[in-house]
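Worksheet for the structure shown next.
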Amino acid sequence: MTKSDSITTQQSTVEEWTKTLAESTGSPGGGAGTGVMLAISAALTSMVAGYTDADGENRDALAGIRGRAKEMREAALKLADDDAVASDAFGAAFRLDPGPERAEAIRRASIEAAKSSASLGERAMEATEDLAWLAKHGNPALIADVVVAFGALRAAIAGARTNVSFDLASLTSAGTPLAKVREQHPELWGTVGRLTEALERIDGITASVDAKAAPTEAL
Numbered sequence: 003m004t005k006s007d008s009i010t011t012q013q014s015t016v017e018e019w020t021k022t023l024a025e026s027t028g029s030p031g032g033g034a035g036t037g038v039m040l041a042i043s044a045a046l047t048s049m050v051a052g053y054t055d056a057d058g059e060n061r062d063a064l065a066g067i068r069g070r071a072k073e074m075r076e077a078a079l080k081l082a083d084d085d086a087v088a089s090d091a092f093g094a095a096f097r098l099d100p101g102p103e104r105a106e107a108i109r110r111a112s113i114e115a116a117k118s119s120a121s122l123g124e125r126a127m128e129a130t131e132d133l134a135w136l137a138k139h140g141n142p143a144l145i146a147d148v149v150v151a152f153g154a155l156r157a158a159i160a161g162a163r164t165n166v167s168f169d170l171a172s173l174t175s176a177g178t179p180l181a182k183v184r185e186q187h188p189e190l191w192g193t194v195g196r197l198t199e200a201l202e203r204i205d206g207i208t209a210s211v212d213a214k215a216a217p218t219e220a221l
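Next up, the structure:
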């Protein structure tokens, strides 16, 4: 049984999971950490929505936000565990002896790892607009929590972006030139660009509310 089998985000305590993360095993690693950051963002989103009063259309909007945040939190933890499994395979491939078997194992593991990170990143991008709504319409007393949620979301998106890019580049270790990687995996390659744009979107939103969230900075 591997570490990723026995220690999961869905069944372990925070202490157990972070203790395992601290070990030099690579599984769970940074990819799984992005899933946890997404779960934290989703949980804060749900909390702020719950503290926000609204009537009419805004009430329906809040209900939708809370429902999506609940589903996102649960999905993020599963994606974190999926990434830990992918990390196991990725590390195992690079530990093989040089030769055709190692090259093929690296190719398979790199693609699967990139897909895992891309899936997490795509889900994370879905959360941006709900937080943007709360930044504008949410309970103003919780604007700091909104910004913290954005910070966790940004960390998740940044982590997913970096991991997809790194995993794609790892295909060069199996003998595939980077230009060929781009040609063979256009969707995954394009995901990196979309995640970069999402980071810029988050930075713009958080900058627009920073004076409310951190008013001491204005003095």
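Everything in the sequence shown is counted per this note's numbering, starting at 3 for the first residue and increasing by one. In this text, a Cβ means the ideal position worked out from N, Cα and C, and glycines have one as well.
Residues near residue i in its chain [Cβ-Cβ closer than 6 angstroms; skip 5 each side]
i	result
Thr10	Asp83
Met49	none
Arg75	Ala41, Ala44, Ala45
Ala95	Ala107, Ile108, Ala111
Phe92	Ala111, Ala115
Beta-carbon spacing of residue i, residue j below 8 angstroms
i	j	result
Ala116	Leu64	no
Met127	Ala56	no
Ala215	Ala160	no
Pro30	Thr36	no
Thr47	Ala151	yes
Val166	Gly206	no
Ala158	Asp85	no
Residue i versus residue j: straight-line alpha-carbon distance, rounded
i	j	result
Gly32	Glu202	21 angstroms
Gly192	Asp90	25 angstroms
Val148	Gly58	22 angstroms
Ala120	Val38	15 angstroms
Gly52	Arg68	7 angstroms
Asp7	Pro217	Any reading at Asp7 must be qualified, since the residue scores a pLDDT of 49, below 50, and its modelled position is unreliable; no value is offered.
Ala137	Asn60	13 angstroms
Ala209	Arg196	20 angstroms
Pro142	Trp135	12 angstroms
Leu170	Val183	7 angstroms
Val87	Gly153	26 angstroms
Ser175	Ala71	39 angstroms
Residues near residue i by beta carbon distance below 7 angstroms, same chain, minus five either side
i	result
Ala77	Arg125
Gly177	Ala105
Leu144	Val50, Tyr53
Leu79	Thr11, Gln12, Gly37, Ala41
Nonlocal neighbours in the same chain, by C-beta distance under 8 angstroms from residue i, ignoring five residues either side
i	result
Glu219	Asp212, Ala213
Leu155	Met39, Leu40, Ser43, Ala126, Ala129, Thr130, Leu133, Ile204
Along the chain, which unbroken stretches of the alpha helix (DSSP H) at least 4 residues long are found entirely within the stretch 69-102? Fully enclosed alpha helix (DSSP H) runs of 4 or longer: not present.
Going along the chain, which unbroken runs of the beta strand (DSSP E) with 3 or more residues stay wholly within the stretch 19-49? If we require 3 residues or more, the stretch 19-49 turns out to have no beta strand (DSSP E) run fully inside it.
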